[in-house]
Amino acid sequence: MTTAERTEAEHDTGRGAGLTPLTPLTPLAVPATRAEGCPFDPAPGVERARREEPVTRATLWDGSTCWLVTRHQDVREVLGDPRFSADATRPGFPFLTAGGRELATVKPTFIRQDDPEHARLRRMLTAEFMVKKVEAMRPEVQRLADGLLDRMTAGRDSADLVAEFALPLPSLVICLLLGVPYDDHKFFQERSGLLLSLRSTAEEVRTAQEDLRRYLTRLAESKRRDPDDGIISRLVARGELDDEEVSSMGRLLLIAGHETTANMTALSTLALLRNPDQLKRLRADPSLVKGAVEELLRYLTIIHNGLPRVATEDVTIGGRTIRAGEGVLCTLNSANRDDGVFPGGDALDVGRDARRHIAFGFGVHQCLGQPLARVELQIAVETLLRRLPGLRLAIPFEDVRFRHDMGIYGVHALPVAW
Amino acid sequence: MRVHIDQEKCCGAGSCVLSAPEVFDQREEDGIVVLLDAEPPAGLHDAVHEAVAICPAAAISVEQADRAGRV
Ligand code: SF4
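Going line by line, the protein sequences match chains A and B. Under numbering that gives the first Met the number 0, the very last position in the first sequence is 417; numbers go up by exactly one each time. Under numbering that gives the first Met the number 0, the very last position in the second sequence is 70; numbers go up by exactly one each time.
Following this line, the structure appears as structure tokens:
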């Protein structure tokens, strides 16, 4: 996924605010918790906003207000318009958590910068994630997926799919790509979890960030002395960035590479198990897998609290004038349920043409790693269904722990049997 | 149909290559879009329109031919 926008979530760590009922005079409280009834659906207030007042006011955890943009076309307009800035140091920028505001005080990576600086830095990475290059990795990703499933199923008939497959697969792949030792995965997975938790304090976020910064700076130094063929070594070799800058890019890619695909894999599996008719269709016709992955990206939209921007000029969106200096949150999950673009969008339909979804964001910050995310997800879903024909949930659905407390949605664990 | 690309705008996310690999590719050095076929045959027009619609950076545009087939 973006490697870039995937990590929007790095800042999208919001304290789990309660939901205020939407009336014309009461601004919606964000981040809002997803539906109680169906945990795959966007928060009810956000859905209602899209139907009744698609560009509306919202109240953030710290009492500040911003605009909430909820429809597909309006979200695309905001994210595609350079008059909306991604620069978190601008006054009026909407933060979803105290931790997010804390991170804005340190030197930002390019996801929190605007062009031309953003483009300059991003272009150092675009070749690494281009379609051809990532497609060439298919055999390697397949080998890793098979190895994990071999281990998971050896002599057993149940396991936690998150711990044994969904998380280690993208983790192994991104470590390989970056040149980060996978043996250290406990260390960086814990830190990235803290950075993404809505419950982390500013202090916890600062410490986790500092730990990762030091770790990756040391790694950059060591690649300078002893290069390999990973991305970190190539960034060092370009000579345009110092070790600190390489470190911050590495951190972005590391967090993005873990949290997004891992959660998409586990949540996709669960969504298919909850929709047995769709699962059956997919098993009967594996040629549907590519399209099904797009549909799952649309239906689940794990970057679920919205992408933050701030207006640099007065701009009219969906008939409302957003003034210079006002913050905007673009809710990707409600946009991806927009009936005007995806008829019957609240249903999962693996045969749907869902390519216009914006689960990877939109505009120049759109997920840089999306070709890699697609390959990983396609392989993960296809391999799971093929190798585990009896796959089922090992606990009652009601007992699944959803990540309502994280900037990137998913499940904390997924006990399955086969 | 005549296809135009703007390499300055392109942010290299590659969605166009997935939609219409016969028409779009990415440069080896930096992943920026390259145009393989500026006047793709009719059978590819839908895929090109899809690429225009999903390009996050509005880097692709098309001119339609008039009735005489001129672009
Ligand atoms: S979809 Fe647009 S931004 Fe992405 S590679 Fe193609 S032209 Fe560039």
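The C-beta atom is built at its ideal place from N, Cα and C for all residues, glycine as well.
Residue i at chain B interface by Cβ criterion, 7 Å
i        : result
A:Thr125 : yes
A:Gly362 : yes
A:Pro115 : no
A:Pro431 : Lying outside 0 to 417, the shown extent of chain A, residue 431 of chain A is not represented and no answer is given.
A:Arg198 : no
A:Val130 : yes
A:Arg354 : yes
A:Arg122 : yes
A:Gln72  : no
A:Gln365 : yes
Neighbour-count burial assignment, residue i, 16 or more Cβ in a 10 Å radius
i        : result
A:Gly326 : buried
A:Gly360 : buried
A:Thr22  : Residue confidence for A:Thr22 is low, a pLDDT of 45 falling below 50, so the modelled location carries little weight and cannot support an answer.
A:Arg49  : buried
B:Cys9   : buried
A:Gln277 : buried
A:Cys366 : buried
A:Pro395 : exposed
A:Pro90  : exposed
B:Leu35  : exposed
A:Tyr181 : exposed
A:Glu202 : exposed
A:Thr107 : What sits at residue 107 of chain A in the sequence shown is Pro, not Thr. So A:Pro107 ends up on the buried side.
Contacting residues, own chain, Cβ-Cβ under 8 Å from residue i (five flanking each side not counted)
i        : result
A:Leu376 : Thr260, Met263, Thr264, Ser267, Val292, Leu295, Leu296
A:Leu331 : Val74, Thr300, Ile302, His303, Gly305, Leu306, Ile357, Ala358, Gly360
B:Gly11  : Gln25, Asp29, Gly30, Ile31, Val32
A:Thr382 : Gln141, Ala144, Asp145, Leu148
Chain A contact for residue i (CB, 7 Å cutoff)
i       : result
B:Gln6  : no
B:Gly42 : no
B:Val51 : no
B:Val47 : no
B:Ala56 : yes
B:Val29 : The identity of residue 29 of chain B in the sequence shown is Asp, whereas the question assumes Val. Yes, contact with chain A.
B:Cys15 : no
Other residues of its chain near residue i: CB distance less than 6 Å, five sequence neighbours each side excluded
i        : result
A:Ala158 : Met151
A:Leu215 : Ser246, Gly249, Arg250
A:Pro81  : none
A:Ser63  : none
A:Leu211 : Arg190, Arg250
A:Leu272 : Leu392
Identity of the residues DSSP links to residue i by a beta bridge
i        : result
A:Tyr230 : As written in the sequence, residue 230 of chain A is Ile, which differs from the Tyr given in the question. Beta-bridge pairing links A:Ile230 to no other residue.
B:His3   : B:Ser60
A:Ser196 : A:Met405
A:Val161 : The partner list for A:Val161 (beta bridge, DSSP) is empty, contrary to what the question assumes.
B:Gln25  : B:Val32
A:Leu124 : Per DSSP, none; premise fails for A:Leu124.
A:Pro414 : A:Asp159
A:Ala421 : The displayed coordinates of chain A run from 0 to 417. Any statement about residue 421 of chain A would go beyond what the structure contains.
Chain-order list of residues whose beta-carbon lies under 7 Å from that of residue i (same chain, five-residue window excluded)
i        : result
A:Lys279 : none
B:Gln63  : Met0
A:Ala270 : Phe39, Leu295, Tyr298, Leu299, Leu347
A:Arg237 : Met123
B:Cys15  : Phe23, Val32, Ala50, Cys54, Ile59
A:Leu177 : Gly229, Ile230, Ile231, Gly249, Leu252, Leu253
A:Lys222 : Gly178, Ile231, Ser232, Val235
Contact set between residue i and chain E, taken where Cβ atoms lie within less than 9 Å
i       : result
B:Glu21 : Checking the listed chains, one finds no chain E in this structure; the protein chains it contains are A and B.
*Enumerate, from N- to C-terminal direction, the unbroken alpha helix (DSSP H) stretches of 4 or more residues contained entirely within the segment 53-97 of chain A.*
The qualifying runs are 71-78.
*Counting only runs that start and end within the segment 259-322 of chain A, where is the alpha helix (DSSP H) found for 4 or more residues in a row?*
List check, alpha helix (DSSP H) in window: 275-283, 288-299.
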